[in-house]
Each structure stands twice: as C-alpha cells, then as structure tokens.
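Going by this note's numbering, the first residue of the sequence shown is number 115, and it counts up by one from there.
In this text, a Cβ means the ideal position worked out from N, Cα and C, and glycines have one as well.
Model, not experiment: these values are computed from the prediction.
Shown next, in structure tokens, is the structure this report addresses.
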Amino acid sequence: MTLELTSTVTLSNGVEMPVLGFGTYKAAEGPEVEYAVRTALEVGYRHVDTASMYENEEGVGRALHRSGVAREEVFVATKVWNDEQGEEHTLAALEGSLRRLGLDHIDLYLVHWPLPHLMASTWRGMERALDSGKARAIGVCNFLQPALDQLAAVAEVGPMVDQIEHHPRLVQSGLRAALRERGIVLEAWAPVMRGAVCEIAELVEIGDRHGKTAAQVALRWVLQCGGVAIPKSVTAARIQENADIFDFELSPAEIATIDALDLGEEGRIGKHPDVFVRPWTDGRS
Ligand SMILES: NC(=O)c1ccc[n+]([C@@H]2O[C@H](COP(=O)([O-])OP(=O)(O)OC[C@H]3O[C@@H](n4cnc5c(N)ncnc54)[C@H](OP(=O)(O)O)[C@@H]3O)[C@@H](O)[C@H]2O)c1
Numbered sequence: 115m116t117l118e119l120t121s122t123v124t125l126s127n128g129v130e131m132p133v134l135g136f137g138t139y140k141a142a143e144g145p146e147v148e149y150a151v152r153t154a155l156e157v158g159y160r161h162v163d164t165a166s167m168y169e170n171e172e173g174v175g176r177a178l179h180r181s182g183v184a185r186e187e188v189f190v191a192t193k194v195w196n197d198e199q200g201e202e203h204t205l206a207a208l209e210g211s212l213r214r215l216g217l218d219h220i221d222l223y224l225v226h227w228p229l230p231h232l233m234a235s236t237w238r239g240m241e242r243a244l245d246s247g248k249a250r251a252i253g254v255c256n257f258l259q260p261a262l263d264q265l266a267a268v269a270e271v272g273p274m275v276d277q278i279e280h281h282p283r284l285v286q287s288g289l290r291a292a293l294r295e296r297g298i299v300l301e302a303w304a305p306v307m308r309g310a311v312c313e314i315a316e317l318v319e320i321g322d323r324h325g326k327t328a329a330q331v332a333l334r335w336v337l338q339c340g341g342v343a344i345p346k347s348v349t350a351a352r353i354q355e356n357a358d359i360f361d362f363e364l365s366p367a368e369i370a371t372i373d374a375l376d377l378g379e380e381g382r383i384g385k386h387p388d389v390f391v392r393p394w395t396d397g398r399s
C-alpha cells in the first residue's frame, strides 16, 4: 500500500481528505495552539481538526494565515457543539467558527455528538451549509449504528465522515465494516490513546521490527485499514514522529495482531455517546 503524507481519501461527494490530520483538542488558545499548528504545517500536515468547543479556533486560524501555506492546500475541519444544534443554530455556529478561523469556508463540518431529539433539524442545517459552499463536506462524530440509522431516515445527503474514538483497544470492527459499506470514511480520534499506546507490548514489539514507535504503528494501522487519523500533540518531536509513518508497511499478520488487541467497551477512553449526550438530550445545555 503506497501512502504518503499528502495521500487523500475521496469522500462520497468527491472532496479529497488527507489521511493524516492534526488534532487540536486541549491545545490551549494562544501561543500553544498556534505553535503546534505552525509546526504541523512545517512538518507537512495538510489537515487540521478543531471544534468550537475547543475554544482555540482563533489560534488555529492565526497559525493557518501566518504559515504561508495556501488556503486551498490545507483541509480544515471544525464541529458544531451540542448547545449549538438545531437547523438555524447550526448555521449560526458555522458563521461563528468561520469568523474565529478567519475563513470563508470550511472543508469539513461535523456534528460533534449525536443528539437524537435535534438530529433531523441539525442535519438540515448541515445540508444547507453544504449547499451554500460554506462547508465543502459534512459529517458526524461519535455516531454508532443506531444514530447512523436515525440519520439515514431523514438525510437527503448522507454524512461523508464519522469521526469516532478508534484505536487498538477500541476497534469497533462492526462499526468499521458498517461505515465501509455505507461509504462513510472512518476518522479516528484518540488514535494514540493519549499516549497509552506506548505501553502496549505488542505494538512496541511490532514497532521494533520496523524501527518505529508504538504510536507510529497505531497510526499506520488506522491508515492501512482505510481510515483517517488525527493525532494531537503540542510537542515538536511528537508532531514529527506522528507524521513519520510513510516509510514502512504493516503485514496482514501484524494488522490482525493489532485488531486482536481490542478490549471492546472496556477499552473506551472517552464516554460512550449514549452517556455523554444525556444531559443535552434531557433538555439541559
Ligand atoms: N469528535 C470528538 O468527539 C473528538 C474527541 C476527542 C478528540 N477529537 C479530535 O481527535 C484528536 C486526537 O484525539 P486526542 O487528542 O483526544 O488523543 P490522541 O491524539 O490519541 O492523544 C493526544 C495526547 O497524546 C500525546 N501524544 C501525541 N503523540 C504522542 C506520541 N507519539 N507518543 C506519546 N504521546 C503522544 C499528546 O501529548 P502532547 O500534546 O503533550 O505532546 C497528547 O497528550 C483531538 O485532538 C481532536 O482534534 C475528537
């Protein structure tokens, strides 16, 4: 499988999305996120993931503008937060994100979490964002199969991406297969398990065979399985390390070994979507 830092996956509407992106959750607004995004762009990342909830869109925007990299060369994604959902609110939230980022369009707009009672109206807002050209592609995050079914029943245009927690301890192979069948790209959040992949002996061992770290093995696994990965780091050496995954290839046996590290729900780092969205579903924000 020939993959490069500039390799892309083609979304269902034809938009090209770089397979390696740069995560920014918990990269603090101001010098920290600016430095991290600038460094990532210098290393060669061409995909940046943020969200209104991260409260760092202004810093991400400043880094993009000051980098000297042309706007059309960078794929920028952001998300509508739970208390911004609903058709008109979603469109207003997008305007806010664009203003903070200093952009006139986003490459991918994502629903951050599935709120069942607002799903139809939020998605109408997403489709209008797509129609207007202010979002070149639209998708969801944290949608498991029931939420994807609920969305499919009301959507005129289906989601192009599902950004989910996905790493060797939470493989969700059923969901992975379902996304492939539905033509939705799997985008992995927490792909290095917030650093914990370094403690998984099997990943260290596979890495030793290739002269790579456990984190690099975990990222390469996502990509070789057809997904997109968005590791976050504010540390220059790690930003570089996470991009140095294009000069080795995992064998089918190694992929199977990594798939078998799955712990199911016990491996989940974040909250299960059903639990996470409960306060908003109950009408509180
Ligand atoms: N849609 C959603 O609900 C959702 C949820 C969570 C995350 N996300 C997105 O996905 C991105 C990635 O997820 P994440 O940030 O939660 O987790 P992650 O990328 O798996 O882990 C980031 C953490 O791991 C450390 N790290 C990074 N590379 C490393 C390496 N090579 N070796 C050891 N440690 C390393 C970082 O430390 P330093 O920064 O200190 O270097 C940071 O603390 C986020 O930044 C965000 O953009 C989306």
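(Q) Ignoring anything shorter than 3 residues, give me the beta strand (DSSP E) runs that lie fully in the segment 272-353, in order along the chain. (A) Segments of the beta strand (DSSP E) lying fully in the segment 272-353: 275-279, 299-303.
Q | DSSP state of Asp376 mapped onto helix, strand, coil | A | Residue 376 sits at position 262 when you count from the first residue of the sequence shown. Collapsing the DSSP output to three states places Asp376 in coil.
Q) Under three-state DSSP, which class holds Glu130? A) Position 16 of the sequence shown, counted from the start, is the residue given in the question as residue 130. Correct three-state label for Glu130: strand.
**Q.** For Asp163, three-class secondary structure by DSSP
**A.** Stepping through the sequence shown from its first residue, residue 163 is reached at position 49. DSSP places Asp163 within a strand segment (E or B) once states are collapsed to three.
Q: Measure the C-alpha to C-alpha separation of Leu375 and Gln338 and round it to an integer number of angstroms.
A: One-based indexing of the sequence shown puts residue 375 at position 261. One-based indexing of the sequence shown puts residue 338 at position 224. Between Leu375 and Gln338, the alpha-carbon positions lie close to 16 Å from each other.
Q. Using the beta-carbon count (16 or more within 10 Å), is Asp322 buried or exposed?
A. Within the sequence shown, residue 322 is the residue found at index 208, counting from 1. Looking at its Cβ environment, which holds fewer than 16 other Cβ atoms inside 10 Å, Asp322 is exposed.
Q. If you run the structure through DSSP and keep just helix, strand and coil, what is Val151?
A. Translated into the one-based positions of the sequence shown, residue 151 becomes position 37. Residue state for Val151 is assigned as helix, using DSSP reduced to three classes.
(Q) Less than 6 Å separating the Cβ of Ile344 from some heavy atom of ligand 1? (A) The count along the sequence shown starts at 1 and reaches residue 344 at position 230. In this structure, ligand 1 has a non-hydrogen atom nearer than 6 Å to the beta-carbon of Ile344.
Q. Closest to Pro230 by CA distance: which of Pro282, Asp218, Val254, Ala351 is it?
A. The count along the sequence shown starts at 1 and reaches residue 230 at position 116. When only C-alpha atoms are compared, the closest one is Val254.
Q. Any heavy atom of ligand 1 within a distance shorter than 6 Å of the CB on Val183?
A. For this step, residue 183 is matched to residue 69 along the sequence shown. Checking every heavy atom of ligand 1 against the Cβ of Val183, none is found closer than 6 Å.
Q) Expressed to the nearest angstrom, what Euclidean distance is found between the alpha-carbon atoms of Ala351 and Ala269? A) As a first step, residue 351 is located in the sequence shown; it is residue number 237 there, counting from the start. As a first step, residue 269 is located in the sequence shown; it is residue number 155 there, counting from the start. Between Ala351 and Ala269, the C-alpha separation is close to 42 Å.
Q: Since I believe Gln199 is in contact with Thr236 (beta carbons under 8 Å), could you give me their beta-carbon distance rounded to a whole number of angstroms?
A: As a position in the sequence shown, residue 236 is number 122, starting the count at 1. As a position in the sequence shown, residue 199 is number 85, starting the count at 1. About 4 Å; that satisfies the 8 Å criterion.
Q. Tell me, which residues are paired with Tyr223 by DSSP?
A. Counting from 1 along the sequence shown, the entry for residue 223 is found at position 109. Answer by DSSP bridge pairing, in chain order: Thr192, Ile252.
(Q) Taking the straight line between their C-alpha atoms, what separation do you get for Tyr168 and Lys140? (A) As a working note, residue 168 is residue 54 in the sequence shown. As a working note, residue 140 is residue 26 in the sequence shown. Going by the C-alpha atoms only, they are around 7 Å apart.
**Q.** Ser211: CB within 6 Å of a non-hydrogen atom of ligand 1
**A.** Taking the first residue of the sequence shown as position 1, residue 211 is located at position 97. No; taking the cut-off as 6 Å, the Cβ of Ser211 has no heavy atom of ligand 1 nearer than that.
Q) So Val331 packs on Ile320, CB below 8 Å; how close in whole Å? A) For the purposes of this step, residue 331 is taken as residue 217 along the sequence shown, with counting starting at 1. For the purposes of this step, residue 320 is taken as residue 206 along the sequence shown, with counting starting at 1. Yes, Val331 and Ile320 are in contact; Cβ-Cβ is about 5 Å, under 8 Å.
Q.
Once the 5 residues before and after Trp247 are set aside, which same chain residues still bring their CB inside 7 Å of it?
A. On the sequence shown, position 133 is the one that residue 247 refers to. Per the sequence shown, residue 247 should be read as Gly rather than Trp. In its chain, beyond the 5 residues on either side, His219 have a beta carbon closer than 7 Å to the beta carbon of Gly247.
Q. Roughly how far, in whole angstroms, is the beta-carbon of Val391 from the beta-carbon of Pro228, given that I think they are within contact range, below 8 Å?
A. To locate residue 391, count along the sequence shown from 1; it is residue 277. To locate residue 228, count along the sequence shown from 1; it is residue 114. By a beta-carbon distance limit of 8 Å, Val391 contacts Pro228. Their separation comes to about 6 Å.
Q) Near Arg160, what residues of its chain come up, given a Cβ to Cβ distance below 7 Å and the 5 sequence neighbours on each side ignored? A) Taking the sequence shown and counting its residues from 1, one reaches residue 160 at position 46. Around Arg160: Thr120, Pro132, Glu187, Val188, Phe189.
Q.
Cutting at 6 Å between CB atoms, please list the residues of its own chain near Asp388, excluding the five before and the five after it.
A. Position 274 of the sequence shown holds residue 388. Leaving aside the five residues that flank Asp388 on each side, none in its chain has a CB nearer than 6 Å to its CB.
Q. In this structure, does DSSP put Gly158 in helix, strand or coil?
A. For this step, residue 158 is matched to residue 44 along the sequence shown. Residue state, collapsed to three classes: coil.
Q.
What does the Cβ neighbour count give for Glu279, buried or exposed, with the cut at 16 atoms within 10 Å?
A. Residue mapping note: residue 279 aligns to position 165 of the sequence shown, counting from 1. Label assigned to Glu279: buried.
**Q.** Distance cut-off 6 Å: Val348 Cβ against heavy atoms of ligand 3
**A.** The model depicted lacks ligand 3 and carries ligand 1 instead.
Q: Between the Cα of Gly182 and those of Asp361, Glu156, Asp163, spot the shortest distance and give me the residue it belongs to.
A: The residue labelled residue 182 in the question sits at position 68 within the sequence shown. Taking Gly182 as reference, the option from Asp361, Glu156, Asp163 with the minimal CA-CA separation is Glu156.
Q.
Less than 7 Å between CB atoms is the rule here; does Leu125 satisfy it with respect to chain C?
A. Any reference to chain C falls outside this structure, which holds one protein chain only.
Q.
Please classify His281 as buried or exposed, where buried requires at least 16 neighbouring CB atoms within 10 angstroms.
A. On the sequence shown, position 167 is the one that residue 281 refers to. Using a 10 angstroms sphere on the CB of His281, the tally of other CB atoms reaches 16 or more, which defines it as buried.
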